[in-house]
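Trainee: Under this note's numbering, residues 257 to 362 are what the sequence shown spells out, in order. Using N, Cα and C, we set each Cβ at its ideal position, and we do this for glycine too. Please read all numbers here as calculations on a predicted model, not as lab measurements. To start, I am sharing the structure in question, which I have written as structure tokens.
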Amino acid sequence: MTLIESEADENIKRDLYHFLNEDYLGRFTKEENDFALKLSFLFNHSEVINDHLVFRWGNQVIKIKIDEQMPNCREAHFSFVMRDDFFNSSLKAFIRENKINKILND
Numbered sequence: 257m258t259l260i261e262s263e264a265d266e267n268i269k270r271d272l273y274h275f276l277n278e279d280y281l282g283r284f285t286k287e288e289n290d291f292a293l294k295l296s297f298l299f300n301h302s303e304v305i306n307d308h309l310v311f312r313w314g315n316q317v318i319k320i321k322i323d324e325q326m327p328n329c330r331e332a333h334f335s336f337v338m339r340d341d342f343f344n345s346s347l348k349a350f351i352r353e354n355k356i357n358k359i360l361n362d
């Protein structure tokens, strides 16, 4: 399994701050933008190492063994990580830090 499989994946990874700032709300619904933000956050803080999907935020890690035989392997593993409490609290912390940085820099 590879983390980034297409140009669309690469664009989602690159546009993290556009999704964070909701720059695409004219093109996407709020729900689509929120999902793209989560996926972009996952892409930017994860890697595939020795048949494991590894998400890192700070000194915390989610590491799951990749089962290539699983139907829809990539999507299933992404979904598992994106439903994890640690992933979601990390995303909330990232959003909060970004808001604080915006206030301090304005």
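Determine the contact status of PHE275 and LEU293, defining contact as a CB-CB distance below 7 Å.
Mentor: Cβ atoms of PHE275 and LEU293: closer than 7 Å.
Trainee: Which parts of the region 259 to 339 are runs of the beta strand (DSSP E), unbroken and 3 residues or longer, counting only runs that do not cross its ends?
Mentor: The region 259 to 339 contains these whole beta strand (DSSP E) runs: 302 to 305, 308 to 313, 316 to 321.
Trainee: Measure the alpha-carbon distance for LYS319 versus ALA332 and round it to whole angstroms.
Mentor: Cα to Cα, LYS319 sits roughly 14 Å from ALA332.
Trainee: For ASP362, which of helix, strand or coil comes out of DSSP?
Mentor: Looking at ASP362 - three-state DSSP - the assignment turns out to be coil, as it is neither helix nor strand.
Trainee: Would you call VAL337 buried or exposed, if buried means 16 or more other Cβ atoms sit within 10 Å of its Cβ?
Mentor: Under this definition VAL337 is a buried residue.
Trainee: Give the single residue among ASN289, ASN300, THR285 whose Cα lies nearest to the Cα of VAL266.
Mentor: Reading off the sequence, residue 266 comes out as Glu, not Val. Among ASN289, ASN300, THR285, the Cα nearest to that of GLU266 is on ASN300.
Trainee: Report all residues from its chain with a CB closer than 8 Å to the CB of LYS321; omit the five preceding and five following residues, and keep chain order.
Mentor: Excluding positions up to five away in sequence, the list reads ASP307, HIS308.
Trainee: Among ILE305, TYR273, GLU303, which has the Cα closest to the Cα of ASP290?
Mentor: Measuring from the Cα of ASP290, the nearest candidate turns out to be TYR273.
Trainee: Quick check on the burial criterion: 16 or more other C-beta atoms within 10 angstroms. Buried or exposed for SER345?
Mentor: Classification for SER345: exposed.
Trainee: Should LEU360 be labelled buried (16 or more other beta-carbon atoms within 10 Å of its own) or exposed?
Mentor: With fewer than 16 Cβ atoms within 10 Å of its Cβ, LEU360 is classed as exposed.
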